[in-house]
Amino acid sequence: MPSSVSNHASISIQHARGAYPVIVGSQLLKDALSIISQELTLPPQIIVIVDSNIPEQLIFTLNKIFSQNQTTPIIIPIPGGENAKTFTTFIAVSEIILENHISRNTPIIAVGGGAIGDLAGFIAASLLRGLPLVHIPTTLLAMVDSSIGGKTAINSRHGKNLIGAIHQPQLVISDTQFLSSLPKRHFRAAYAEIVKYALIQNAPLFTQLDKNLNLTREHNENHIQELILASVRAKKQIVEADEFENNQRALLNLGHTFGHALETMHSQSDTLIHGEAVAIGIVLAFRFAHRINLIPKETLQRIVKHIHSAELPCNIPPDTSIDTMISFMKNDKKNLHHNISLILPHDIGHTSLHKNISPHDLNSFLSECIKQPLTPYALHHA
Ligand SMILES: NC(=O)c1ccc[n+]([C@@H]2O[C@H](COP(=O)([O-])OP(=O)(O)OC[C@H]3O[C@@H](n4cnc5c(N)ncnc54)[C@H](O)[C@@H]3O)[C@@H](O)[C@H]2O)c1
Numbered sequence: 292m293p294s295s296v297s298n299h300a301s302i303s304i305q306h307a308r309g310a311y312p313v314i315v316g317s318q319l320l321k322d323a324l325s326i327i328s329q330e331l332t333l334p335p336q337i338i339v340i341v342d343s344n345i346p347e348q349l350i351f352t353l354n355k356i357f358s359q360n361q362t363t364p365i366i367i368p369i370p371g372g373e374n375a376k377t378f379t380t381f382i383a384v385s386e387i388i389l390e391n392h393i394s395r396n397t398p399i400i401a402v403g404g405g406a407i408g409d410l411a412g413f414i415a416a417s418l419l420r421g422l423p424l425v426h427i428p429t430t431l432l433a434m435v436d437s438s439i440g441g442k443t444a445i446n447s448r449h450g451k452n453l454i455g456a457i458h459q460p461q462l463v464i465s466d467t468q469f470l471s472s473l474p475k476r477h478f479r480a481a482y483a484e485i486v487k488y489a490l491i492q493n494a495p496l497f498t499q500l501d502k503n504l505n506l507t508r509e510h511n512e513n514h515i516q517e518l519i520l521a522s523v524r525a526k527k528q529i530v531e532a533d534e535f536e537n538n539q540r541a542l543l544n545l546g547h548t549f550g551h552a553l554e555t556m557h558s559q560s561d562t563l564i565h566g567e568a569v570a571i572g573i574v575l576a577f578r579f580a581h582r583i584n585l586i587p588k589e590t591l592q593r594i595v596k597h598i599h600s601a602e603l604p605c606n607i608p609p610d611t612s613i614d615t616m617i618s619f620m621k622n623d624k625k626n627l628h629h630n631i632s633l634i635l636p637h638d639i640g641h642t643s644l645h646k647n648i649s650p651h652d653l654n655s656f657l658s659e660c661i662k663q664p665l666t667p668y669a670l671h672h673a
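Read in order, the letters of the sequence shown are residues 292 to 673 in this note's numbering.
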């Protein structure tokens with residue numbers, strides 16, 4: 292890390308082929324090129340896939356920063372959102388990159404939210420069978436989750452993230468200055484992933500989140516940096532133990548089997564974004580766990596109250612077709628032979644994988660959830 296860079300924290304993530312630092316701080320962008328050149332040998336040409344929805348001024352700054360020291364950036368602006376994760380965009384961006392006669396050490400620098408990170412990561416994994424990858428996440432979700440752990444993917448019409456690879460970055464630079472332009476809705480939605488870490492295996496973190504919800508809602512900068520660091524540490528613990536998702540890493544899917552199905556079904560409208568779908572999915576996982584007597588009603592109440600207070604949705608949109616939702620759930624990557632698997636809680640901070648959930652039981656559970664939506668003040672239906 293260059294000595295000029297102050298006010299940052301760094302966490303190292305280990306994987307089978309090495310390790311990479313995740314640097315978290317504010318105003319890091321101006322030093323991005325020198326931070327990157329400490330981790331990678333920079334060739335004269337670098338590819339920057341940038342989310343075109345970040346403020347124009349920041350894209351201009353990026354261009355200036357990456358044009359120093361005889362480096363020439365090829366800047367490829369793409370709007371974030373799920374449309375970035377299509378075959379069409381993958382092909383178009385890959386062809387632009389290949390036109391520039393890249394070599395095996397040409398780095399792909401992904402500057403954007405989880406969607407741009409997933410697209411750029413999959414491009415880095417695929418072109419020339421693997422290019423160096425640097426993530427500069429610009430959304431809270433990308434800082435706390437998607438830039439860590441090496442999962443990259445694009446979507447199919449059969450479901451989300453069905454085409455992908457594990458390709459570890461060489462560096463992650465999380466600069467919280469990007470968050471000042473992030474729409475509040477995306478900020479709130481990302482919080483669902485932070486709650487997820489606490490619920491999976493960190494009960495003390497959940498107590499902290501509950502206590503500090505006001506600081507979160509106010510977007511207090513120091514507090515947000517603490518949340519990012521706590522999330523990176525939580526994800527580090529899981530991905531280091533199980534890089535290729537053979538067991539423990541599946542726990543990170545708490546709320547995601549329900550959530551991905553809902554997100555895919557509502558992808559053409561603005562009804563749900565990823566974190567909102569995950570928030571509903573977490574509530575559904577706790578509701579299902581209560582139904583099969585894994586957790587008491589008080590635990591479910593505590594979770595619903597927290598998610599509701601974080602201004603996140605708790606209920607399935609009423610126009611959701613349960614049959615379609617279950618058919619999307621059958622496509623989830625955790626499933627074997629089309630039997631649905633779910634990550635379910637046994638307590639706050641304790642979760643495990645449950646295989647062979649009967650589609651028939653799920654159908655009656657989800658139908659009941661639609662008929663009887665929950666609020667923290669009306670949990671008697673739970
Ligand atoms: N790879 C993983 O491990 C992993 C983990 C979790 C989620 N994901 C994926 O991440 C995606 C969701 O990521 P996301 O929530 O960041 O959504 P996103 O990338 O779609 O970004 C949300 C919106 O904010 C815009 N945006 C980005 N940065 C901005 C900024 N600084 N200012 C203003 N606008 C900005 C984007 O253009 C987009 O419109 C999903 O596709 C999900 O599948 C991947």
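Beta carbons are placed, not taken as given, at the ideal position from N, Cα and C, and that holds for glycine.
For clarity, every value in this text was computed on a predicted model and none was experimentally measured.
*asked:* Per DSSP, what are the beta-bridge partners of H645 in this structure?
replied: Along the sequence shown, one-based indexing puts residue 645 at 354. Note: H645 sits in a beta bridge opposite L633.
*Between the CA atoms of A601 and P346 - distance to the nearest angstrom*: As a first step, residue 346 must be located in the sequence shown, where it is residue number 55. As a first step, residue 601 must be located in the sequence shown, where it is residue number 310. Using only the alpha carbons, I get a separation of about 26 Å.
_Residue closest to S303, alpha-carbon to alpha-carbon, out of F413, I464 and N360_ = Position 12 of the sequence shown, counted from the start, is the residue given in the question as residue 303. Closest by alpha carbon: I464.
*Buried or exposed for A494, please, with buried defined as at least 16 other CB atoms from any protein chain shown within 10 angstroms of its CB.*
Translated into positions along the sequence shown, residue 494 becomes position 203. Only exposed fits A494, as fewer than 16 other CB atoms lie within 10 angstroms of its CB.
*What is the DSSP secondary structure of S325, counted as helix, strand or coil?*
Here residue 325 refers to the residue found at position 34 of the sequence shown. Reduced to three states, the DSSP call for S325 is helix.
*Cα-Cα, which of S655, E659, H641 and F656 is closest to K487?*
As a working note, residue 487 is residue 196 in the sequence shown. A check of alpha carbon separations from K487 across S655, E659, H641 and F656 identifies H641 as the nearest.
_Segment limits, beta strand (DSSP E) that includes H426_ = Position 135 of the sequence shown, counted from the first residue, corresponds to residue 426. For H426, the enclosing beta strand (DSSP E) stretches over residues L424 to P428.
*asked:* Are there any heavy atoms of ligand 1 lying less than 6 Å away from the beta-carbon of I345, as far as the coordinates show?
replied: The residue given as residue 345 occupies position 54 in the sequence shown. It does: the Cβ of I345 is within 6 Å (strictly closer) of some heavy atom of ligand 1.
*Cβ contact check for the segment 631-638 and the segment 526-546: 3 or more pairs under 8 Å*: The segment 631-638, when compared against the segment 526-546, does touch it at the 8 Å Cβ threshold.
_C-alpha distance - E536 paired with P312, whole-angstrom precision_ = One-based indexing of the sequence shown puts residue 536 at position 245. One-based indexing of the sequence shown puts residue 312 at position 21. So the two alpha carbons sit approximately 21 Å from each other.
*H651 lies in the alpha helix (DSSP H); which residues open and close that run?*
Along the sequence shown, one-based indexing puts residue 651 at 360. P650 to K662 is the extent of the alpha helix (DSSP H) around H651.
_Where S447 sits in the DSSP three-state scheme_ = For the purposes of this step, residue 447 is taken as the residue at position 156 of the sequence shown. S447 falls in the strand class under three-state DSSP.
*Where does T379 land, buried or exposed, given buried means 16+ other C-beta within 10 angstroms?*
Taking the sequence shown and counting its residues from 1, the one referred to as residue 379 is at position 88. Classification for T379: exposed.
*Give a yes or no on whether the C-beta atoms belonging to P423 and S438 are separated by under 7 Å.*
Along the sequence shown, one-based indexing puts residue 423 at 132. Along the sequence shown, one-based indexing puts residue 438 at 147. Going by C-beta atoms, P423 is not nearer than 7 Å to S438.
*Can you tell which of N360, K321 and F351 has the C-alpha that lies nearest to the C-alpha of P334?*
Position 43 of the sequence shown, counting from 1, holds the residue named residue 334. Checking every option, the nearest Cα to that of P334 belongs to N360.
*Which residue or residues does DSSP assign as beta-bridge partners of L496?*
As a first step, residue 496 must be located in the sequence shown, where it is residue number 205. BP columns for L496 are empty, so no partner.
*Contact check, I356 vs L324, beta carbons under 7 Å*: Here residue 356 refers to the residue found at position 65 when the sequence shown is read from its first residue. Here residue 324 refers to the residue found at position 33 when the sequence shown is read from its first residue. Judged by their CB atoms, I356 and L324 are nearer to each other than the 7 Å cut-off.
*In or out: N452 buried (at least 16 other Cβ within 10 Å) or exposed?*
Taking the first residue of the sequence shown as 1, we reach residue 452 at position 161. The residue is buried, with at least 16 neighbouring Cβ atoms inside 10 Å.
*Select from D610, D638 and M556 the residue whose C-alpha is nearest the C-alpha of E589.*
To locate residue 589, count along the sequence shown from 1; it is residue 298. Comparing Cα positions, the closest option is D638.
*Going by beta carbon distance, what residues of the same chain come within less than 6 Å of G408, once the five residues before and after it are set aside?*
Looking up residue 408 in the sequence shown gives position 117. Excluding positions up to five away in sequence, the list reads A401, H426, A433, S437 and S438.
*Environment of S558 [buried if 16+ CB atoms lie within 10 Å]*: Numbered from 1 along the sequence shown, position 267 holds the residue referred to as residue 558. So S558 ends up on the buried side.
_Limits of the beta strand (DSSP E) - the one that V523 falls within_ = Looking up residue 523 in the sequence shown gives position 232. Note, V523: premise wrong, no beta strand (DSSP E); alpha helix (DSSP H) at E512 to A532.
*Reduced DSSP category for H477 - H, G, I as helix; E, B as strand; rest coil*: Walking along the sequence shown from the start, residue 477 turns up at place 186. In the structure shown, the three-state DSSP call for H477 is helix.
_Whole-angstrom distance between G403 and T352, CA atom to CA atom_ = As a position in the sequence shown, residue 352 is number 61, starting the count at 1. As a position in the sequence shown, residue 403 is number 112, starting the count at 1. A direct Cα-to-Cα measurement between T352 and G403 gives close to 14 Å.
*Sheet register partners of L333 (DSSP bridge)*: Taking the first residue of the sequence shown as position 1, residue 333 is located at position 42. L333 pairs with nothing; no bridge assigned.
*Do H458 and G412 have their C-beta atoms closer together than 7 Å?*
For this step, residue 458 is matched to residue 167 along the sequence shown. For this step, residue 412 is matched to residue 121 along the sequence shown. The answer is yes: Cβ separation under 7 Å.
*asked:* Could you compute how far the alpha carbon of G455 sits from the alpha carbon of K596?
replied: In the sequence shown, residue 455 corresponds to position 164, counting from 1. In the sequence shown, residue 596 corresponds to position 305, counting from 1. Their backbone Cα atoms lie some 36 Å apart in a straight line.
*Buried or exposed by the 16-neighbour rule on C-beta atoms within 10 Å, applied to N446*: Taking the sequence shown and counting its residues from 1, one reaches residue 446 at position 155. By the Cβ-count criterion, N446 is buried, with 16 or more other Cβ atoms from all chains shown falling within 10 Å of its own Cβ.
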